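Undergrad:
2 protein chains.
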Amino acid sequence: MPRTLKGLSLIGLASAQPGERTFHAADARTGERLEPAFHPTRPADLDRAAAAAEHAFGAYAATPPAERADFLRAIAAELEARGEAIIERADRETALGDARLTGELGRTANQLRLFATLLDEGDWLDIRIDAGDPGRTPAPKPDVRSLRRPLGPVAVFGASNFPLAFSVAGGDTASALAAGCPVIVKAHPAHPGTSELVGRAVRAAAREQGMPDGVFSLLFDDGYEVGQALVRHPLVRAVGFTGSRSGGQALMRLAGERPDPIPVYAEMSSVNPVFVLPLATRRRPGPISDALLASFTLGAGQFCTNPGIVLLEAGEAGDVLRDRLVEGARKAEAHAMLTAGIHRAFGTGLQRLADAGARRLAEGHRAAGLTAASAAVWETDASAAVDDPRLTQEVFGPSTVLVRYRSDDELLAFAGVMEGQLTATLHGEDDEWERYRPLVAALERKAGRLLVNQVPTGVEVCRAMVHGGPYPATSDGRTTSVGARAIERFTRLVAYQNFPKALLPNELA
Amino acid sequence: MPRTLKGLSLIGLASAQPGERTFHAADARTGERLEPAFHPTRPADLDRAAAAAEHAFGAYAATPPAERADFLRAIAAELEARGEAIIERADRETALGDARLTGELGRTANQLRLFATLLDEGDWLDIRIDAGDPGRTPAPKPDVRSLRRPLGPVAVFGASNFPLAFSVAGGDTASALAAGCPVIVKAHPAHPGTSELVGRAVRAAAREQGMPDGVFSLLFDDGYEVGQALVRHPLVRAVGFTGSRSGGQALMRLAGERPDPIPVYAEMSSVNPVFVLPLATRRRPGPISDALLASFTLGAGQFCTNPGIVLLEAGEAGDVLRDRLVEGARKAEAHAMLTAGIHRAFGTGLQRLADAGARRLAEGHRAAGLTAASAAVWETDASAAVDDPRLTQEVFGPSTVLVRYRSDDELLAFAGVMEGQLTATLHGEDDEWERYRPLVAALERKAGRLLVNQVPTGVEVCRAMVHGGPYPATSDGRTTSVGARAIERFTRLVAYQNFPKALLPNELA
């Protein structure tokens, strides 16, 4: 197991040559420069990675599903075997802490194993067979069989906030590899060392399992050039991305401007509104405020499912819940954020709320450290939030805005104007659901996942999960990037008519 | 049953007001102006149609599937009851002839009934249930259930070449209505009378079945304004289109430029290459040339699956097949095309082939009549076809180009450069398949449907059918516009976490 980082892109089973320019990772807590130097992938090496992926595709797409399942399980095992080194580096690069990173590594391995299980089962292929009937009149009925086939080489962009579960061997990579697509990862520049360690684990598994050279490559860059070239590359057939709205929109534009547009699955931004209904406000102010506090400060608020907006009744009952939340937030410890840039953006987001007239109710403990962020609770009125989009834009970090509503109409008006979201949450009591059916119906059109009396952070990796949502939460609100159905994103339907058995794909014969 | 055409858009259950400007349909055979005058939909009426669709959506999406199935079956019955009038008008507007139109009406009714059956069965919902486990450590497992939900109001553009099966009550409309989406159809200006008759049948079925007002509207326009406004309309959530490449690309652009991009399912263009392999060329020249002749001249060649390119071995064996095809084409009757514009475009396409150096081998009977088109057979070399894209562009009409290949390498090179297609067909013998596995693998990446020893025209409406294909055959090569899976295009995944039973969608409770 190589523990020494080289800072070089992995082009299939080989390493790239060093270039002239380099960049370094930084310790997320101290800003200290971390060795080694990383070499942005040169255009020729990107071309080699794409050509190798294209070359590998034929053989890889034709591997028996059981072999791809073994490959995925081998990646999971390699990650676990190298877990200590991966977590140590990831903690320095992200400040997320051992406990969170240990959990995330486990989740990453579990995701890989979930897709391996899907491959064993085969339902994801959506096999359909219409037997022919040569005697049908007026025209014979042809034999038509169809299933999902892999798209081809897939580009995956690592996410800053999930250095493992949504990065080099994360959900997009696992689902694309499971579908039969070679993967070219563009590592996130904030955690290149973690990315290289994970990339080496994937490469080792590919070697062990005899996978075709080119089934996996890993590219580095601290700028935009490599990522843009990857999305424009004629051999790339789809893109997976988790990151900012502006980043996702840029990739959508690039992919749409290609001579042959390709699908982009970008998970971009969400404020995950929480609707606290009147009876729940009165009966459970403590548990609800405690759950919200834990949820919006978790991991320094750096989750795409962070509850950044809480709809709360105006008046005394709401005040009780609010005051408890504020009291808790004031006591919350400050935490280092992922990068200095994210910390700066957090400050800008808070200033935007202040400029828009939101009232700041709480600020948690301050702490030394370049990137330390304190919990922030804000308050505004529903009418203001409906009118001024600055009050409901995502602030990536431990901040939440209490939007005080005076009537059911205000709640519905808010649900009507809110943007597409990954999640929407309701806290309510059994004897008030009937009254809020119209609200539930409105939210169903705005979010990919609706929750009742739980918190949106902590996305369960399971077969029924939907981690998606209408634009601008994602670029393609029909799909999910977490859970079993994520594999479908990297496939297309192909039908075989009147094929001799010998020529049919094995699954259809 | 109203048989008198009014020329007014149908806005939900009401008719639009007449406008100032009007247009007329033309008899496709004679150019004679057909009454009545049709009134392009005014912007205010388009807004009314969209608002009515949005208003209907909540109630319509919540209808029990059995009620939507009844609605679809009622549309089919209304179409059949009004069949004589519909076919009479459609024949004047399209020159497709009674036999073809009778078959197409039957197919249209069958499509509606196929989706009704899907609604009865429910598999299309893709229901997944992960039961919760409150006792799981370290964290309780939440109850997560998910299924497909309808997207919202859908815009459907009628196709010129299928006045019934891909128009007002065609596949896009049937699948969107089945999914639970209200539909706003923009009628094709070449057959507005047929469109109005079919639209009235849909409206009558909606009335009979007590469907919410706004579940269906029908708009007219002989220009682009109404269609463009429809795709830009904020309440429209998806677009279905069958037509030209330039038309589909324009809609893709409009949808992508919206503040909230929406999915466009455009079926655009395809030359449906047919690969005649060497042994088949030698053993079955007669049956293969006869089948090709019938296929490329069917309906004056006005099918999206028309075989416009035939890869044929150079040399004597290929010449035998070619000569028989040419002989047949010379005897083929001329047929009126759908419109004068399509006839002009056919002439332009033939001229483009001549300009690119293709050799014209045959021209069928000429006939009087504004839009009469004769069968045309062309010949070129595979190397020329690989180099000059003019030789492989779609020529919409009864024309096919024999591309003569000298080696397997030339065949593979052609498959490598060819654009995405709806179909690709192989004619081969059992003892040559092994040799052509690489060709089959290459074609699998370029087409939505692969056929062996049959012809691509005549798309079977069945569960396994895939009528789609990589760009530019369609805007979204992951999907199909024919067959059971077409319903999935108008849905998105939604998950419900920890929902009380009373609040879950019926299908999940």
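Chains as they are written, first to last, in the numbering used here: chain A, 1 to 509; chain B, 510 to 1018. Note that CB positions come from ideal geometry on N, CA and C, so glycine has one too. Nothing here was measured: the structure is a model prediction, and the numbers come from that model.
(1) Please decide whether CYS181 (chain A) counts as near chain B, where near means a Cβ-Cβ distance under 9 angstroms.
(2) Which term fits GLU705 (chain B), buried or exposed, when burial requires 16 or more other beta carbons within 10 angstroms of its beta carbon?
(3) So PRO1009 (chain B) contacts chain D; which residues on that side make the cut at Cβ distance below 7 angstroms?
(4) So what's ILE11 (chain A) in DSSP terms, helix, strand or just coil?
(5) For PRO500 (chain A), which of helix, strand or coil comes out of DSSP?
(6) Of all Cβ atoms in chain A, is any one closer than 9 angstroms to the Cβ of LEU1002 (chain B)?
(7) Out of B:LEU739, B:GLY858, B:GLN963, B:ILE851, point me to the one whose CA is closest to THR550 (chain B)'s CA.
(8) Do the region 691-707 of chain B and the region 662-673 of chain B make contact, defined as three or more Cβ pairs closer than 8 angstroms?
(9) Counting only beta-carbon atoms, is PRO117 (chain A) nearer than 9 angstroms to chain B?
(10) Which same chain residues end up closer than 7 angstroms to PRO511 (chain B) when comparing Cβ atoms and leaving out the 5 residues on each side of it in sequence?
(11) Just tell me which of A:SER9, A:ARG145, A:ALA66, A:ALA61 has its CA closest to the CA of LEU46 (chain A).
(12) Quick one: is ALA51 (chain A) near chain B, going by C-beta distance under 9 angstroms?
(13) Residues of chain A with CB under 8 angstroms from ALA1036 (chain B), in chain order?
(14) Leaving out five residues on either side along the sequence, give the residues of the same chain with a beta carbon under 6 angstroms from the beta carbon of PRO189 (chain A).
(15) Give, in chain order, every unbroken run of the beta strand (DSSP E) that is at least 3 residues long and sits entirely within the region 913-941 of chain B.
(16) Is the beta carbon of LEU235 (chain A) sitting closer than 9 angstroms to the one on ALA53 (chain A)?
(17) Could you tell me the boundaries of the alpha helix (DSSP H) in which ILE75 (chain A) lies?
(18) For PRO438 (chain A), which residues does DSSP report across the bridge?
(19) What did DSSP end up calling LEU96 (chain A) once you bin it into helix, strand or coil?
(20) Pick from A:GLY458, A:LEU450, A:ALA509, A:ILE487: whose alpha carbon is nearest that of ARG654 (chain B)?
(21) Tell me whether the beta-carbon of TYR569 (chain B) lies closer than 9 angstroms to the beta-carbon of PRO691 (chain B).
(22) Taking ALA373 (chain A) as the reference, give the member of A:ALA345, A:ASN272, A:ILE129 with the closest Cα.
(23) List, in chain order, every chain A residue whose beta-carbon is nearer than 7 angstroms to that of ILE638 (chain B).
(24) Taking beta-carbon pairs under 9 angstroms, can you tell me which members of the region 468-479 of chain A lie near chain B?
(25) What number of angstroms, rounded off, separates the C-alpha of ARG1001 (chain B) from the C-alpha of PRO470 (chain A)?
(26) Rounding to the nearest angstrom, what Cα-Cα distance links PHE624 (chain B) and GLY749 (chain B) in this structure?
(27) Taking only the alpha-carbon atoms, compute the straight-line gap between ASP213 (chain A) and GLN17 (chain A) and give it to the nearest angstrom.
(28) Between the beta-carbon of ALA300 (chain A) and the beta-carbon of MET337 (chain A), is there less than 9 angstroms?
(29) Straight-line CA distance for ARG89 (chain A) to ALA484 (chain A)?
(30) Tell me whether ALA376 (chain A) counts as near the ligand MN, meaning its Cβ is closer than 8 angstroms to at least one heavy atom of that ligand.
(31) Which residues in the same chain as GLU888 (chain B) place their Cβ atom closer than 6 angstroms to its Cβ, once the five residues preceding and following it in sequence are excluded?
(32) Starting from the Cα of GLY227 (chain A), find the closest Cα among A:GLU208, A:THR348, A:HIS39, A:ALA155 and give me that residue.
(33) Within its chain, find whatever has a CB closer than 6 angstroms to the CB of GLY516 (chain B); leave out the 5 residues flanking it on each side and keep chain order.
(34) Please list, in chain order, the residues of the region 562-578 of chain B that have any C-beta partner in chain A closer than 9 angstroms.
(35) Looking at the strands, I want to know which residues DSSP matches up with GLU872 (chain B).
(36) So, for LEU312 (chain A): in the same chain, excluding its five sequence neighbours on each side, which residues have a beta-carbon less than 8 angstroms away from its beta-carbon?
TA: Reading off the structure:
(1) Working through the first sequence from its first residue, we reach residue 181 (chain A) at position 181. Not closer than 9 angstroms to any Cβ of chain B, the Cβ of CYS181 (chain A) fails to qualify, so no.
(2) Numbered from 1 along the second sequence, position 196 holds the residue referred to as residue 705 (chain B). Classification for GLU705 (chain B): buried.
(3) Absent here is chain D; the protein component of the structure consists of chains A and B.
(4) Your numbering for residue 11 (chain A) matches position 11 in the first sequence. In the three-state reduction of the DSSP assignment, ILE11 (chain A) falls in the strand class, which pools E and B.
(5) For the purposes of this step, residue 500 (chain A) is taken as the residue at position 500 of the first sequence. Here PRO500 (chain A) sits in coil by DSSP.
(6) By one-based count along the second sequence, residue 1002 (chain B) stands at place 493. Interface residue, yes.
(7) In the second sequence, residue 550 (chain B) corresponds to position 41, counting from 1. When only C-alpha atoms are compared, the closest one is B:LEU739.
(8) Short answer: they touch.
(9) Residue mapping note: residue 117 (chain A) aligns to position 117 of the first sequence, counting from 1. The sequence as given places Thr at residue 117 (chain A); Pro does not occur at that position. So no, THR117 (chain A) is outside the interface.
(10) Within the second sequence, residue 511 (chain B) is the residue found at index 2, counting from 1. Confidence at PRO511 (chain B) is low in this model, with a pLDDT of 46, below 50, so its placement is unreliable and no value can be given for it.
(11) If you number the first sequence from 1, residue 46 (chain A) lands on position 46. Closest by C-alpha distance to LEU46 (chain A), out of A:SER9, A:ARG145, A:ALA66, A:ALA61, is A:SER9.
(12) Residue numbering aside, residue 51 (chain A) sits at position 51 when the first sequence is read from its first letter. Not an interface residue.
(13) In the structure as shown, chain B starts at 510 and stops at 1018, and residue 1036 (chain B) therefore has no counterpart that could be examined.
(14) In the first sequence, the residue the question calls residue 189 (chain A) occupies position 189. So the list reads ASP222, once near-sequence residues are dropped.
(15) For the region 913-941 of chain B, whole beta strand (DSSP E) runs of length 3 or above, ordered along the chain, are 930-936.
(16) The residue you call residue 235 (chain A) lines up with position 235 of the first sequence. The residue you call residue 53 (chain A) lines up with position 53 of the first sequence. Closer than 9 angstroms, so yes.
(17) In the first sequence, residue 75 (chain A) corresponds to position 75, counting from 1. Per DSSP, ILE75 (chain A) belongs to the alpha helix (DSSP H) from 65-81.
(18) On the first sequence, residue 438 (chain A) is found 438 positions in, with the first residue counted as 1. Under DSSP, no beta-bridge partner is assigned to PRO438 (chain A).
(19) Taking the first residue of the first sequence as position 1, residue 96 (chain A) is located at position 96. Coil, per DSSP.
(20) Your numbering for residue 654 (chain B) matches position 145 in the second sequence. Nearest option by C-alpha distance: A:LEU450.
(21) Taking the second sequence and counting its residues from 1, one reaches residue 569 (chain B) at position 60. Taking the second sequence and counting its residues from 1, one reaches residue 691 (chain B) at position 182. The Cβ atoms of TYR569 (chain B) and PRO691 (chain B) sit closer than 9 angstroms to each other.
(22) The residue labelled residue 373 (chain A) in the question sits at position 373 within the first sequence. With distances taken between Cα atoms, ALA373 (chain A) lies closest to A:ALA345.
(23) Counted from its first residue, the second sequence places residue 638 (chain B) at position 129. Here the neighbours are ALA464.
(24) Under the 9 angstroms Cβ criterion, the region 468-479 of chain A contributes GLY468, GLY469, PRO470, TYR471, PRO472, SER475, ASP476, GLY477, ARG478, THR479.
(25) Numbered from its first residue, the second sequence carries residue 1001 (chain B) at position 492. Numbered from its first residue, the first sequence carries residue 470 (chain A) at position 470. If you take the alpha carbons of ARG1001 (chain B) and PRO470 (chain A), they lie about 9 angstroms apart.
(26) By 1-based counting over the second sequence, the position of residue 624 (chain B) is 115. By 1-based counting over the second sequence, the position of residue 749 (chain B) is 240. In a straight line, the C-alpha of PHE624 (chain B) is about 17 angstroms away from that of GLY749 (chain B).
(27) Taking the first residue of the first sequence as position 1, residue 213 (chain A) is located at position 213. Taking the first residue of the first sequence as position 1, residue 17 (chain A) is located at position 17. Cα to Cα, ASP213 (chain A) sits roughly 17 angstroms from GLN17 (chain A).
(28) Stepping through the first sequence from its first residue, residue 300 (chain A) is reached at position 300. Stepping through the first sequence from its first residue, residue 337 (chain A) is reached at position 337. Cβ atoms of ALA300 (chain A) and MET337 (chain A): closer than 9 angstroms.
(29) Within the first sequence, residue 89 (chain A) is the residue found at index 89, counting from 1. Within the first sequence, residue 484 (chain A) is the residue found at index 484, counting from 1. When rounded, the separation of the alpha-carbon atoms in ARG89 (chain A) and ALA484 (chain A) is 30 angstroms.
(30) Absence of the ligand MN is noted for the structure shown, with no ligands found whatsoever.
(31) Counting from one through the second sequence, the residue named residue 888 (chain B) turns up at place 379. The answer, listed in chain order, is ARG868, LEU870, LEU911.
(32) In the first sequence, the residue the question calls residue 227 (chain A) occupies position 227. From the listed residues A:GLU208, A:THR348, A:HIS39, A:ALA155, the smallest Cα separation to GLY227 (chain A) is found for A:ALA155.
(33) In the second sequence, the residue the question calls residue 516 (chain B) occupies position 7. Closer than 6 angstroms at Cβ, skipping near neighbours: PRO545, ALA546, PHE547, HIS548.
(34) Hits within the stretch, in order: PHE566, GLY567, ALA570, ALA571.
(35) Residue mapping note: residue 872 (chain B) aligns to position 363 of the second sequence, counting from 1. Under the DSSP definition of a beta bridge, GLU872 (chain B) partners with B:ALA885.
(36) For the purposes of this step, residue 312 (chain A) is identified with residue 312 of the first sequence, where counting begins at 1. Cβ within range, chain order: VAL276, THR281, GLY318, LEU321, ARG322, LEU402, VAL403, ARG404, TYR405.
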